[in-house]
Each structure stands twice: as C-alpha cells, then as structure tokens.
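Student: Quick one: the structure is below, and I'll ask about it shortly.
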Amino acid sequence: MEAKQWAVQVYITEEGNDTSARAVLSTRDKTHITGVGHARRNPADQPVPEIGDELAVARALTDLANRLLAVSSEDIAQFTGPTSW
C-alpha cells in the first residue's frame, strides 16, 4: 500500500467589507489546482471578520472541489472515451 499526501494552502485577504480566499491544491506530481471564493459583509451587519473568512474559504474550497471533479472527468474521458449521456 502506498500512502500519498496532497496539500491545500488557503490564502485569505480582506479589504474593507470584502474578503477573498484562494485554495491551492498541490499534488505530488507538481499539479496545482486553484479555487477561489469571495464574501462581502453587509454594511448594516456587525463586523465579525471570522464569518467573512469562513464563508470565503468555504466558497474557495467548493470551487476547488468542483475544479478537481472536472479534471477527474476529463481524465476518465481520456482513458475511456466520451460518454453518450
């Protein structure tokens, strides 16, 4: 059995009421896939930076997961041919 390790680095930036996050997956073969997410605080809401961070990171990780699924689908199609559905 071979153990593999992939790493995800998450970068968060804040500017005013806007929070952005970038999640970068790095695999052993030097593949990098990046997901991005954004959050904006309603000016009427209390400033709680952790909420913006959580929401932006969750969106970045969701985007990353969707991009990884797309890469997987392309790889499957490459080896099995196009599907008819």
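Counting from 1, position 62 in the sequence shown corresponds to residue 70 in the numbering used here; the numbering is continuous, with no gaps. Cβ coordinates follow ideal geometry from the N, Cα and C atoms, glycine included.
(1) Using the C-alpha atoms, what's the distance from Ala-52 back to Lys-38?
(2) Alpha carbon to alpha carbon, how far is Leu-76 from Arg-30? Give it in angstroms, no decimals.
(3) What separation, rounded to the nearest whole angstrom, lies between the Cα atoms of Gln-54 and Thr-27?
(4) Using the Cα positions of Ile-84 and Ile-20, report the straight-line distance between them to the nearest angstrom.
(5) Which value, in whole angstroms, describes the spacing of the CA atoms of Val-65 and Glu-23?
(6) If you draw a straight line from the alpha carbon of Ala-78 to that of Phe-87, how long is it in whole angstroms?
Tutor: The relevant details are as follows:
(1) 44 angstroms
(2) 14 angstroms
(3) 15 angstroms
(4) 33 angstroms
(5) 15 angstroms
(6) In a straight line, the C-alpha of Ala-78 is about 15 angstroms away from that of Phe-87.
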